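Note sheet for the following structure.
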Amino acid sequence: MIIDIHVHLAGTGSASSCFLSRRLRRTATFWYLRYMAKHLTRPLSDESMRALLVGAIKESKLVDKAVLLPLDMVHDEQGQARPERTHLFVPNDYCAAIARDEDKVLFGASVHPNRPDALEELERVASLGAVLVKWIPSSLAVDPANTRYIPYYRKLAELGLPLLCHAGPEHAIPPGADTRAQRRTAKTFDHPQGLHLPLEQGTTVIAAHCSLPIYPWERDDTDAFFQLMLRHDNCFADISALFLPSPYRLRRVRRVLDELPHERLVLGSDYPLPVSTRMIRGRAPADPQSLGLAKKASNNLDRTVLMARAMGFSESVLSNAARVLRLNHA
Numbered sequence: 023m024i025i026d027i028h029v030h031l032a033g034t035g036s037a038s039s040c041f042l043s044r045r046l047r048r049t050a051t052f053w054y055l056r057y058m059a060k061h062l063t064r065p066l067s068d069e070s071m072r073a074l075l076v077g078a079i080k081e082s083k084l085v086d087k088a089v090l091l092p093l094d095m096v097h098d099e100q101g102q103a104r105p106e107r108t109h110l111f112v113p114n115d116y117c118a119a120i121a122r123d124e125d126k127v128l129f130g131a132s133v134h135p136n137r138p139d140a141l142e143e144l145e146r147v148a149s150l151g152a153v154l155v156k157w158i159p160s161s162l163a164v165d166p167a168n169t170r171y172i173p174y175y176r177k178l179a180e181l182g183l184p185l186l187c188h189a190g191p192e193h194a195i196p197p198g199a200d201t202r203a204q205r206r207t208a209k210t211f212d213h214p215q216g217l218h219l220p221l222e223q224g225t226t227v228i229a230a231h232c233s234l235p236i237y238p239w240e241r242d243d244t245d246a247f248f249q250l251m252l253r254h255d256n257c258f259a260d261i262s263a264l265f266l267p268s269p270y271r272l273r274r275v276r277r278v279l280d281e282l283p284h285e286r287l288v289l290g291s292d293y294p295l296p297v298s299t300r301m302i303r304g305r306a307p308a309d310p311q312s313l314g315l316a317k318k319a320s321n322n323l324d325r326t327v328l329m330a331r332a333m334g335f336s337e338s339v340l341s342n343a344a345r346v347l348r349l350n351h352a
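23 is the number of the first residue of the sequence shown in the numbering used here; add one for each residue after it.
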């Protein structure tokens with residue numbers, strides 16, 4: 023079974039409590055969403071965004087199921103919800119309801135660890151069928167290395183819920199902080215070094231994007247992440263956004279292919295982000311037929327699968343998610 027574990031959900035609040043901040047609405051991310059949804063001249067809505075995101079899953083010919091990802095609201099250290107610091111909010115119940123309605127959609131949850139009811143919410147989303155919990159540390163203003171979160175990590179391990187955590191520089195969603203200094207601090211939370219703590223508590227961690235950088239001028243966490251993954255057997259990584267139209271990132275995909283164990287890599291598209299069909303310079307396609315099909319594919323989830331094959335990722339990478347998400351035990 024081919025499972026894409028990394029498809030984002032978003033909403034404007036037209037028919038839900040979802041929202042996008044004003045700052046996010048001024049970013050390239052938001053305008054790309056409008057372009058993908060064919061709403062450049064019309065306002066986006068919950069309905070149009072659901073049609074775009076869920077539609078891609080339903081229309082995929084190669085992906086059997088995909089995990090749809092919400093994102094919790096920022097909560098401060100006192101446990102107070104901070105909507106003014108939140109740039110993207112998608113509640114768990116909204117995502118769970120879509121998963122109930124759509125056979126190909128799996129429910130990914132998001133629970134901020136500073137919530138006063140964080141442990142209870144983890145139990146609740148597990149009872150609703152959540153298959154993982156999603157964090158973007160900088161956007162949630164969460165330091166994964168904070169020892170206050172040890173009970174949270176142990177609850178994840180008890181429930182068998184993997185933590186899908188963004189690793190490496192984040193570009194799509196701004197940091198969940200007030201001042202420039204706080205935003206700089208929040209960006210350091212995306213460093214993979216902070217993931218040692220949850221891994222040491224027995225939590226299964228899936229580091230998104232293999233922590234690869236996109237631009238040559240930004241922090242490169244690749245070495246730190248590779249050391250993390252090779253040290254902890256419960257550390258996995260998804261290959262989402264590895265095929266962005268970024269030559270700098272593509273050159274680093276070679277290291278992922280050659281140095282990381284493929285049995286601990288899982289498929290992710292990071293939809294609705296774009297998928298390039300460019301190959302690593304100097305590396306012939308492992309599967310020329312898949313490369314040709316990828317260039318013709320209109321569905322980004324399918325294109326990600328085909329590019330993974332063309333690049334030389336093993337078929338196990340496409341099917342590992344069922345084991346990591348424990349769907350074989352459901």
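Don't be surprised by glycine CBs; every beta carbon is placed ideally from N, CA and C. Model, not experiment: these values are computed from the prediction.
Own chain residues within Cβ distance below 6 Å of residue i, not counting five before or after
{"i": "serine 82", "result": "Asn321, Leu323 and Asp324"}
{"i": "threonine 299", "result": "Ala316 and Lys317"}
{"i": "valine 297", "result": "Phe265, Asn322, Arg325 and Thr326"}
{"i": "arginine 107", "result": "Val96 and Gly198"}
{"i": "arginine 104", "result": "Val96 and Asp98"}
{"i": "glycine 182", "result": "Arg348"}
Own chain partners of residue i with C-beta closer than 8 Å, once the 5 adjacent residues on each side are dropped
{"i": "glycine 101", "result": "Asn136, Arg137 and Pro138"}
{"i": "proline 214", "result": "Ala189, Gly190, Ala229, Ser233, Asp243, Ala246, Phe247 and Leu250"}
{"i": "glutamate 69", "result": "Ser36 and Ala37"}
{"i": "tyrosine 270", "result": "Pro235, Ile236, Tyr237 and Pro238"}
{"i": "valine 76", "result": "Leu90, Ile120, Glu124 and Val127"}
Cβ distance (whole Å) where residue i is taken to contact residue j below 8 Å
{"i": "alanine 131", "j": "histidine 188", "result": "Not a contact, Cβ separation roughly 15 Å."}
{"i": "arginine 305", "j": "arginine 348", "result": "Not confirmed; about 34 Å, so no contact."}
{"i": "leucine 42", "j": "leucine 110", "result": "6 Å"}
{"i": "leucine 74", "j": "proline 307", "result": "Contact flag wrong, Cβ pair sits at about 30 Å."}
{"i": "alanine 119", "j": "tyrosine 174", "result": "Contact flag wrong, Cβ pair sits at about 25 Å."}
{"i": "methionine 71", "j": "alanine 88", "result": "Wrong, their Cβ atoms sit about 15 Å apart, outside the cutoff."}
{"i": "arginine 164", "j": "valine 147", "result": "The question names arginine, but residue 164 in the sequence shown is valine. Incorrect: roughly 17 Å between the Cβ atoms, too far for contact."}
Residue i versus residue j: straight-line alpha-carbon distance, rounded
{"i": "arginine 202", "j": "arginine 274", "result": "30 Å"}
{"i": "arginine 331", "j": "proline 283", "result": "16 Å"}
{"i": "leucine 252", "j": "alanine 259", "result": "11 Å"}
{"i": "glutamate 192", "j": "valine 29", "result": "16 Å"}
{"i": "glutamate 337", "j": "aspartate 212", "result": "29 Å"}
{"i": "alanine 32", "j": "arginine 286", "result": "28 Å"}
{"i": "leucine 178", "j": "proline 184", "result": "7 Å"}
{"i": "asparagine 342", "j": "alanine 50", "result": "32 Å"}
{"i": "leucine 93", "j": "glycine 334", "result": "32 Å"}
{"i": "alanine 78", "j": "leucine 90", "result": "11 Å"}
{"i": "valine 278", "j": "glutamine 223", "result": "26 Å"}
{"i": "serine 54", "j": "leucine 162", "result": "With the sequence shown as reference, residue 54 is identified as tyrosine, and serine is not the correct amino acid for it. Those two C-alpha atoms are separated by around 22 Å."}
{"i": "arginine 205", "j": "alanine 167", "result": "17 Å"}
Coarse secondary structure for residue i, derived from DSSP in three states
{"i": "aspartate 309", "result": "coil"}
{"i": "leucine 279", "result": "helix"}
{"i": "aspartate 260", "result": "strand"}
{"i": "histidine 97", "result": "strand"}
{"i": "phenylalanine 380", "result": "Nothing can be reported for residue 380: it is not among the residues displayed for the chain, which extend from 23 to 352."}
{"i": "alanine 319", "result": "coil"}
{"i": "tyrosine 293", "result": "strand"}
{"i": "valine 346", "result": "helix"}
{"i": "valine 153", "result": "coil"}
{"i": "leucine 234", "result": "coil"}
{"i": "leucine 340", "result": "helix"}
{"i": "leucine 252", "result": "helix"}
{"i": "leucine 266", "result": "coil"}
Sequence-distant residues of its chain with Cβ nearer than 7 Å to residue i (five each side left out)
{"i": "isoleucine 24", "result": "Leu84, Val85, Asp86, Leu289, Val327, Leu340 and Ser341"}
{"i": "leucine 114", "result": "The question names leucine, but residue 114 in the sequence shown is asparagine. Counting only Cβ-Cβ distances below 7 Å, and skipping sequence neighbours, we find Pro92, Ala131, Ser132 and Val147."}
### Task
Return the chain-ordered ranges of every alpha helix (DSSP H) run that is complete within the region 159-232 and spans a minimum of 4 residues.
159-162, 172-181, 202-210 and 218-222
### Message
Threshold first: 4 residues or longer. Then list the alpha helix (DSSP H) segments lying entirely within the region 25-81, N to C.
### Response
44-47, 50-58 and 68-81
### beta strand (DSSP E) runs contained entirely in the region 82-139, provided each spans 3 or more residues
Within the region 82-139, the complete beta strand (DSSP E) runs of at least 3 residues are 87-91 and 127-131.
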